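For the record, the sequence lines run as chains P and V.
Heads up: the first sequence is residues 1 to 120, going by the working numbering.
Heads up: the second sequence is residues 121 to 482, going by the working numbering.
Working notes, beginning with the structure itself.
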Amino acid sequence: MASIKDILEDLLVSISGKGCLLMIHDGTVVSFALEEGLEPDLVSGLTSFLTSTLDRGLTEGGMGGFTSFKIHSTHGKVLVVDLGDAYLVVLTNQFGTLNNSMPEIQEAVLQLRRASRISI
Amino acid sequence: MKIWKELRRLEARAKEALSPSTLVDLGQVYINMGMIDHSLRVADEGLALFPQSDALKKLKKFAKKTQLNKAIKDLRVRLNKGPTPVLYKEIADLYLEIGDFGAVHGTAEECIRRFPDDAGAYLVLAKARLTNFYRDISARDGIEAVRGLEKVVELDSENVKAHKLLAEVLYRVGSVKVAVKHLRIALELAPGDREAETLMRETEARKNVEGTLEELFHRVETNRNLTHAQTAQTRSKPGFVSEDAIGPIRDSLAQLVELDGVIKACYIKGSKAMVKGEIKDGKDVFMRVVRVVTKAARRVCRRMDVGTFSKGCIDGDFGHICLCSFGDVVAAVLCEHGTPVDRILADLQELVAGSLYMTGRS
C-alpha cells in the first residue's frame, strides 16, 4: 500500500498542481507535497481558519457540514475535501482545471482513506 | 511600554481566536490609546463577520462618537480663535450626527446670535427639528422646523436644500399646494434634480388637505401617522446603488431563482443585501454563511498569496452554495444536488459584473 506522502506526490504530478496537503481538522499537518515557496504551516493554518469558519456558520444554521469547498482566485485555485477526520487541500495555479482533475482527486481521496486506517 | 505589549497580545489573540469579545477588547484598547481609526476598522471588520453582535455595534457607536467628539474639539479650538458661520455649521452638523440635539440647538442659537443674517445655522436647527418630528411625530417640532426653513428661504431664496426639505415636510402633512410651489422653485434652481423630480411626481398625484399649518401638524400628531407616506426615493440611503441600478439586479436575482434546482439567491453590497427565494427572515442562515465565508475566503486568498477571491463553490448535504465576489459585492446561490454549478457561477459572474456597471453608471 502506498504511503500518504506517495499518494500526495502522485496526485500533484497527475493534476499538475502546485501542492497537495493532508491535515487534521485542527490544522495539524499530516503530510504534504508542495512546490517550493509554499509553507505547509501557512497552508494548513489558513485552511483551518477557513474550514472552521465555514463549519461554524453551517452548523449554527442547522445546514450540516460540508464535503468540499472550491475557491477560485485571480492567481490560483484551492480545493478542500473533507475526508471525515482530515482535510485534503489541493492547490493549483489559475490555469489548473480542478473539474477535469476530479477523477484523480477522488481516487486519491479513496487511497488516503484506506491509508489512514490501521488494519489488524 | 506595558500597554503596547498588551496591545500586541490582544492583536495576536484576536487573530487566533476570532470572536466578538476578542475584537471588542482590542477595539477598546485602541480607543484608550487614542487610535480611533483602528478601533473603527476593528468594529467594521468584526461586524462583517458577526453582524448580529451587539457588543461590536456598541463599540462602533462609541468609536464613532469619540471620533466625532475629537473633530468637534478641534473645530471648537478654531472657533475660539476666529468664529465663522461655516465653523458653527460644521460643529452643529457633527452634533446632529452624534444625535445630541441639545448641543445642536445651543450651537445654532449661538451662531444666530453672532451672525443673524446667516442661513446655515437656521438650516441645521431646522434639520434637527425635522429629525425629531419624523422620529416622534411631534407637531411642535414640525411647526418649528417649517418656521426655521421658511427663515432660511427668506435669508437665502436660492437655497435648494431648504426648498426641498420644506416641500417634503409640507407634502407629508398634507399641504400639497405649498409643497408643489417649493418644488417648482427647487427645480428652477436645480433643473434635473432627481430627488425633487421624484417628489414632484409623488406630490402631484396626491390631494391637498385643507387647514392651517398648525391644524395639519396637530392632525398628524393625533393620528400618529403622516398624511402622505414617505416616498421610496427619499427613503433610500446615499452610498447604495440607486433605484435604477437595483431594478436589473432584482430582475437577475429573480431569473436565477427561476432556474431548476435553485432554492435561494442573494446579492450583498457592503452592509446591504437583496434576497430572492425561500427566505424566512432577515437573519437567514444562508445569508450569514455567505457573508462569513466570503470574508474568510478573501482573507485566505490574500494570505495564501493566490490573489483575490473571485468564485467559490461549497458542497454539502444542503446541496451547493455558489459564490461570486468582486470588490465589496458578493452574489450567491443555494441550489440542490445535481444543479449545473458552472452555469450558476457564470450567471452569478454576469450579475456581479452587470451590477458594478450599473452602480458605476448611476
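Just so it is clear, CB atoms sit at the ideal spot from N, CA and C, and this is done for glycine as well.
Being a predicted model, the structure only gives us computed values, none of them experimental.
Candidates the options: which alpha carbon is nearest residue i's?
{"i": "E35/P", "options": "G62/P, V13/P, G61/P", "result": "V13/P"}
{"i": "R422/V", "options": "L42/P, D6/P, L11/P, P103/P", "result": "L42/P"}
{"i": "T74/P", "options": "E341/V, S430/V, D437/V", "result": "S430/V"}
{"i": "V340/V", "options": "A306/V, P368/V, R292/V", "result": "R292/V"}
{"i": "A259/V", "options": "V450/V, T347/V, C386/V, V144/V", "result": "T347/V"}
{"i": "M394/V", "options": "I369/V, V409/V, R408/V", "result": "I369/V"}
{"i": "K18/P", "options": "S68/P, V89/P, V109/P, L110/P", "result": "V89/P"}
{"i": "E278/V", "options": "D256/V, H302/V, D404/V, E317/V", "result": "H302/V"}
{"i": "L471/V", "options": "D371/V, G427/V, T342/V", "result": "D371/V"}
{"i": "Y87/P", "options": "Q94/P, G37/P, V78/P, S101/P", "result": "V78/P"}
{"i": "N343/V", "options": "D261/V, T323/V, I257/V, R321/V", "result": "I257/V"}
{"i": "T97/P", "options": "L11/P, I15/P, S116/P", "result": "I15/P"}
{"i": "S44/P", "options": "E104/P, L112/P, R113/P, L91/P", "result": "L91/P"}
{"i": "R419/V", "options": "W124/V, D313/V, E165/V, D213/V", "result": "E165/V"}
{"i": "L179/V", "options": "N252/V, N152/V, T428/V", "result": "N152/V"}
{"i": "L214/V", "options": "K184/V, R233/V, V273/V, K201/V", "result": "K184/V"}
{"i": "L290/V", "options": "K209/V, L243/V, L250/V", "result": "L250/V"}
Could you give the DSSP three-state label for residue i: helix, strand or coil?
{"i": "N327/V", "result": "Before going further, note that residue 327/V is Lys rather than Asn in the sequence given. Three-state result, K327/V: coil."}
{"i": "G76/P", "result": "strand"}
{"i": "V426/V", "result": "coil"}
{"i": "D194/V", "result": "helix"}
{"i": "A137/V", "result": "coil"}
{"i": "V81/P", "result": "strand"}
{"i": "I156/V", "result": "helix"}
{"i": "D435/V", "result": "strand"}
{"i": "G359/V", "result": "At G359/V, the pLDDT of 40 sits below 50, so the modelled position is not reliable; the number obtained from the coordinates is stated separately. Three-state DSSP puts G359/V in coil, outside helix and strand."}
{"i": "K5/P", "result": "helix"}
{"i": "S391/V", "result": "coil"}
{"i": "F170/V", "result": "coil"}
{"i": "F253/V", "result": "helix"}
{"i": "M23/P", "result": "strand"}
{"i": "L128/P", "result": "Outside the displayed range of chain P (1 to 120) lies residue 128/P, so it cannot be described from this structure."}
{"i": "K125/V", "result": "helix"}
{"i": "H440/V", "result": "strand"}
{"i": "L34/P", "result": "strand"}
{"i": "T332/V", "result": "coil"}
{"i": "L12/P", "result": "helix"}
{"i": "F221/V", "result": "helix"}
{"i": "Q353/V", "result": "Its pLDDT being 42, under 50, Q353/V is placed unreliably in this model, and the coordinates cannot settle the point."}
{"i": "G294/V", "result": "coil"}
{"i": "L465/V", "result": "helix"}
{"i": "K70/P", "result": "strand"}
{"i": "A374/V", "result": "helix"}
{"i": "G17/P", "result": "coil"}
Flag this pair as yes or no: are the beta carbons of residue i and residue j separated by less than 8 Å?
{"i": "I4/P", "j": "G432/V", "result": "no"}
{"i": "I388/V", "j": "G397/V", "result": "no"}
{"i": "M63/P", "j": "G226/V", "result": "no"}
{"i": "L195/V", "j": "I218/V", "result": "no"}
{"i": "T53/P", "j": "A374/V", "result": "no"}
{"i": "I263/V", "j": "E334/V", "result": "yes"}
{"i": "L245/V", "j": "E288/V", "result": "no"}
{"i": "A239/V", "j": "C231/V", "result": "no"}
{"i": "C386/V", "j": "A473/V", "result": "no"}
{"i": "A163/V", "j": "G147/V", "result": "yes"}
{"i": "S173/V", "j": "L167/V", "result": "yes"}
{"i": "G57/P", "j": "V280/V", "result": "no"}
{"i": "H283/V", "j": "A265/V", "result": "no"}
Can you determine whether any heavy atom of the ligand SAH sits closer than 7 Å to the C-beta of residue i, and answer yes or no?
{"i": "S101/P", "result": "In terms of ligand content, the structure shown is empty, and the ligand SAH therefore cannot be addressed."}
### Where the stretch 406–419 of chain V meets chain P: residues whose CB sits under 7 Å from a CB there
R408, V409, V412, V413, A416, A417
### Query
Which residues, in order along the stretch 427–456 of chain V, keep a beta-carbon less than 7 Å from a beta-carbon of chain P?
G427, T428, F429, S430, K431, G432, C433, I434, D435, G436, D437, F438
### Task
Tell me, please, whether the stretch 434–444 of chain V touches the stretch 452–468 of chain V by the rule of three or more beta-carbon pairs shorter than 8 Å.
yes
### Query
For the stretch 285–297 of chain V against the stretch 315–330 of chain V, are there 3 or more C-beta pairs whose distance is under 8 Å?
yes
### Message
Any C-beta of chain P within less than 7 Å: which residues of the stretch 122–146 of chain V qualify?
### Response
none
### Message
At a CB distance below 9 Å, what residues from the stretch 53–65 of chain P approach chain V? Give them in sequence order.
### Response
T53, L54, R56, G57, L58, E60, G61, G62, M63, G64, G65
### Query
Is the stretch 17–27 of chain P touching the stretch 79–87 of chain P, taking contact as three or more C-beta pairs under 8 Å?
yes
### Query
Do three or more CB pairs link the stretch 104–112 of chain P to the stretch 134–152 of chain V at distances below 8 Å?
no
### Message
Any C-beta of chain V within less than 8 Å: which residues of the stretch 10–28 of chain P qualify?
### Response
none
### Task
Output, in sequence order along the chain, the residues in the stretch 87–102 of chain P whose CB is closer than 8 Å to any CB in chain V.
L91, Q94, N99
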